[in-house]
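Take a look at the structure below.
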Amino acid sequence: MALMETMEFSSPSDSARAALIRGDALNKSFNGVPALDRVDIAIREGAITAIMGGSGSGKTTLLRLLSGLEPPTSGHVWFEGEDLAHIKRKRLYDLRAKMGMVFQYSALLNSLDVYENVAFTLREHTRLDETTIRTIVTMKLEQVGLRGFERLMPSELSGGMAKRVAFARALAMDPKVVFFDEPTSGLDPISAGVVTTLIHDLTRKTHMTSIVVTHDVQAGLAIADHVVLLWQGKIIAEGSAESIRQSSDERVRQFIEGRPDGPIPFSRSQTPYLADLLGPTAKAV
Amino acid sequence: MVNFLGSLGRWFFGVLHKLGDAAILGASALALFFAKPWQGRHFILQMHAVGVGSLVIIAITGAFTGMVLSLEGYYTLSKLGSESALGAGVALTIIRELGPVLGALMMTGRAGSSITAEIGIMRVTEQLDALEMMAVNPKARIILPRIVATTLSLPLLVFIFCMVGMFFGYLIGVELLGVNSGAFISGMESMIDTRDVRICSEKSLVFGLLIGVVCTFLGQRAAPTTEGVARATTQAVVIASVGILVLDYVMNSFYL
């Protein structure tokens with residue numbers, strides 16, 4: 191709670207200076223169905239922020255809003271003093287040079303090999319010569335432990351390797367902030383551990399800011415400096431990993447302990463079970 | 010009855026809405042033609058994929074179209090004693106009608122479907138979002154080069170279609186059926202003028218643009234599932250093919 195209080199700002203311009211990214215009163219709905227409901231969030235520079243929650247809680251939607259990939263239905267996303275939801279595409283692209291993103295399914299360009307995927311942004315946005323590009327690509331692949339795999343195509347990579355290549359691609363331009371969408375989903379425990387450790391180590395070494403959306407509670411709590419817990423499109427808790435672990439809030443406890451019973455319902459059925467079982471005969475009964 | 014009319018109205022306005030969206034996508038992509046960074050390399054790469062990839066199927070279709078036209082034309086004209094008009098009939102039919110239409114239908118099946126599937130898969134696998142995050146406009150990098158490629162490649166492919174069709178029509182008419190070679194060629198020369206070639210070129214350009222816009226639009230709008238991509242690909246072939254036939258009629262009604 192104390193942490194939340196320290197992140198309150200008097201105006202959008204103040205907030206933009208105090209946090210690297212800040213979402214103010216973010217609402218997002220799809221075809222009238224709300225996915226986020228007046229979410230306020232501040233992402234501290236140089237820290238790892240884990241956004242956690244169950245399936246359908248709005249984690250990925252929040253990440254897409256913070257990265258400017260989607261505009262909010264209402265509200266503002268401030269990055270370096272500019273509202274991502276209301277700037278021109280050219281300016282947004284200028285700011286994106288400072289961002290990287292690792293998608294849930296890696297999203298490697300499947301017509302390009304590993305080397306070209308990592309070199310992609312360097313070729314697009316710089317005029318570096320080939321020798322320099324090769325040096326940078328080699329360094330980035332070394333950082334994720336995949337040097338020597340440059341000529342493999344995305345279809346030849348395992349899930350864990352594809353995630354690491356995506357990580358190397360996100361790091362190519364030395365971004366200020368990297369967004370991770372479910373970085374460990376679909377990976378075996380060892381690969382998940384490798385990716386989690388990479389996020390932690392590279393964030394510390396490069397002083398970048400990481401925003402990690404995950405439903406992997408243990409991984410999220412292990413690496414995050416700040417944890418945001420979402421449920422039904424609202425933030426129900428936030429603070430340090432330790433404060434989340436110690437939380438007495440029943441919803442938080444249920445989530446981190448993975449209990450099916452509690453205030454967060456396991457079943458999302460809208461109608462009574464008996465009525466559905468009996469079907470059209472229910473009225474007669 | 011009211012429900013039926015209501016459904017019909019909703020369907021009609023739904024179709025209009027999608028046509029408008031497709032037109033907006035095409036126009037906004039073409040507006041980026043000269044935008045920096047210029048995508049010239051990608052125009053050429055896509056023209057290679059679309060044009061060279063469709064070359065064989067276009068040539069084969071052209072050859073058999075010319076052969077069938079010659080056979081059928083000879084059968085009909087010989088009843089009237091006008092076999093000498095065979096060359097004119099084959100050339101006129103291929104250049105004004107069958108070249109652009111069949112060429113466009115072949116390109117739709119060969120290249121259009123692959124464009125829709127490719128863009129649909131890029132959408133499903135978040136590659137379009139990844140491009141956005143890497144500050145590369147997918148409309149300029151992915152959509153525009155494909156529209157440019159289909160629009161510029163189709164006239165060239167139709168030219169090849171016409172040449173091959175007329176050549177094989179000549180072979181069947183003159184070498185197999187015994188029509189006089191001079192009559193066949195002079196018939197072609199006397200009946201074909203620059204207006205016919207212009208009509209052929211204009212139709213090819215319009216059909217190529219239609220294929221590019223329809224196929225990229227449906228790929229970009231594909232539901233993010235494997236079934237969604239499959240459905241979008243089928244829709245692209247059906248809608249582009251029907252659109253080509255409808256536009257052909259509309260354009261002919263202006264030309265005649």
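Chains as they are written, first to last, in our numbering: chain A, 191 to 475; chain B, 10 to 265. For each residue, glycine too, the CB sits at the ideal point set by N, CA and C.
Legend entry - Close beta carbons around B:Lys148, own chain, < 7 Å, minus the five adjacent residues each side: Ser37, Ala38, Leu41
Inset, instruction - Determine whether the Cβ of A:Met194 lies closer than 8 Å to any Cβ atom of chain B. - result: Residue placement at A:Met194 is poorly supported in this model, since its pLDDT is 40, which falls under 50; the coordinates still yield a value, given next. So no, A:Met194 is outside the interface.
Inset, instruction - For A:Thr311, decide whether its Cβ has a neighbour in chain B, counting only Cβ atoms nearer than 8 Å. - result: yes
Inset, instruction - Determine whether the Cβ of A:His315 lies closer than 8 Å to any Cβ atom of chain B. - result: yes
Inset, instruction - Express the C-alpha separation of A:Thr399 and A:Val368 in angstroms, rounding to a whole number. - result: 6 Å
Inset, instruction - Report yes or no: is there a C-beta of chain A within less than 8 Å of the C-beta of B:Asp138? - result: yes
Legend entry - First through last residue of the alpha helix (DSSP H) which encompasses B:Ile104: Where B:Ile104 is concerned, there is no enclosing alpha helix (DSSP H), given that its DSSP letter is neither H nor E.
Inset, instruction - May I ask you to verify whether the segment 266–273 of chain A touches the segment 101–110 of chain B, counting CB pairs closer than 8 Å and requiring at least 3? - result: no
Inset, instruction - Could you tell me which chain B residues have their CB closer than 7 Å to the CB of A:Tyr283, listed as they occur along the chain? - result: Ala144
Inset, instruction - Classify A:Ser296 as buried or exposed, calling it buried when 16 or more other Cβ atoms lie within 10 Å of its own Cβ. - result: buried
Legend entry - A:Leu210 at chain B interface by Cβ criterion, 8 Å: no
Legend entry - Three-state class that DSSP yields for A:Met329 in the structure shown: helix
Inset, instruction - Would you check if the segment 324–342 of chain A and the segment 247–257 of chain A touch, i.e. whether three or more CB-CB distances between them fall below 8 Å? - result: no
Legend entry - Own chain residues within Cβ distance below 7 Å of B:Arg155, not counting five before or after: Gln55, Ile124, Gly221, Thr225
Inset, instruction - With 8 Å as the threshold, decide whether the Cβ of B:Glu236 is near any Cβ in chain A. - result: no
Inset, instruction - Taking A:Ala431 as the reference, give the member of A:Glu440, A:Trp421, A:Ile446 with the closest Cα. - result: A:Ile446
Inset, instruction - Can you pull the chain A residues whose beta carbon is under 9 Å from the beta carbon of B:Thr134, in chain order? - result: Phe293, Tyr295, Ser296, Ala297, Leu298, Asn300
Inset, instruction - On the DSSP bridge assignment, give the partners of A:Trp421 in chain order. - result: A:Lys424
Legend entry - contact_flag[the segment 206–225 of chain A, the segment 332–341 of chain A] where n(CB pairs < 8 Å) is 3 or more: no
Legend entry - Under 8 Å between C-beta atoms of A:Lys288 and A:Pro373: no
Inset, instruction - Taking all protein chains shown into account, decide if B:Thr85 is buried (16 or more other Cβ within 10 angstroms of its Cβ) or exposed. - result: exposed
Inset, instruction - Let me know the secondary structure DSSP gives A:Arg443 once reduced to three states. - result: helix
Legend entry - chain B within 8 Å of A:Ala275, Cβ atoms only: no
Inset, instruction - Going by CA-CA distance only, name the one from B:Val238, B:Glu211, B:Leu14 that's closest to B:Ile253. - result: B:Glu211
Legend entry - Buried or exposed (CB count within 10 angstroms, at least 16 for buried), A:Ser205: With a pLDDT of 43 at A:Ser205, under the threshold of 50, the predicted position of this residue should be treated as unreliable, though the coordinate-derived value follows. Buried: at least 16 other Cβ atoms inside 10 Å.
Legend entry - Cβ-based burial, B:Arg132 [other Cβ within 10 Å; buried from 16]: buried
Legend entry - 3 or more residues per run - each beta strand (DSSP E) lying fully within the segment 367–393 of chain A: 367–371
Inset, instruction - Flag A:Leu336 as yes if its beta-carbon sits less than 8 Å from any beta-carbon of chain B, otherwise no. - result: no
Inset, instruction - Compare the C-beta of A:Ala352 against all C-beta atoms of chain E and say whether one is closer than 8 Å. - result: You won't find chain E in this structure, because its protein chains are A and B.
Inset, instruction - Answer with buried or exposed for B:Asn146, where buried requires no fewer than 16 other C-beta atoms within 10 angstroms of its C-beta. - result: buried
Legend entry - Proximal residues of chain B, C-beta to C-beta of A:Ala287 below 7 Å: Ala144
Inset, instruction - May I have the straight-line CA-CA distance separating A:Ala225 from A:Leu256, to the nearest angstrom? - result: 14 Å
Inset, instruction - Measure from the C-beta of A:Ser257 to each C-beta in chain B and report whether the shortest distance is under 8 Å. - result: yes
Legend entry - Rounded straight-line distance, which links the Cα of A:Lys218 to that of A:Glu272: 19 Å
Inset, instruction - Taking only the alpha-carbon atoms, compute the straight-line gap between A:Met394 and B:Gln229 and give it to the nearest angstrom. - result: At residue 394 of chain A the sequence reads Arg, which differs from the Met that was named. Each residue's alpha carbon lies about 38 Å from the other.
Inset, instruction - Can you tell me which of the three DSSP states A:Thr321 falls into? - result: helix
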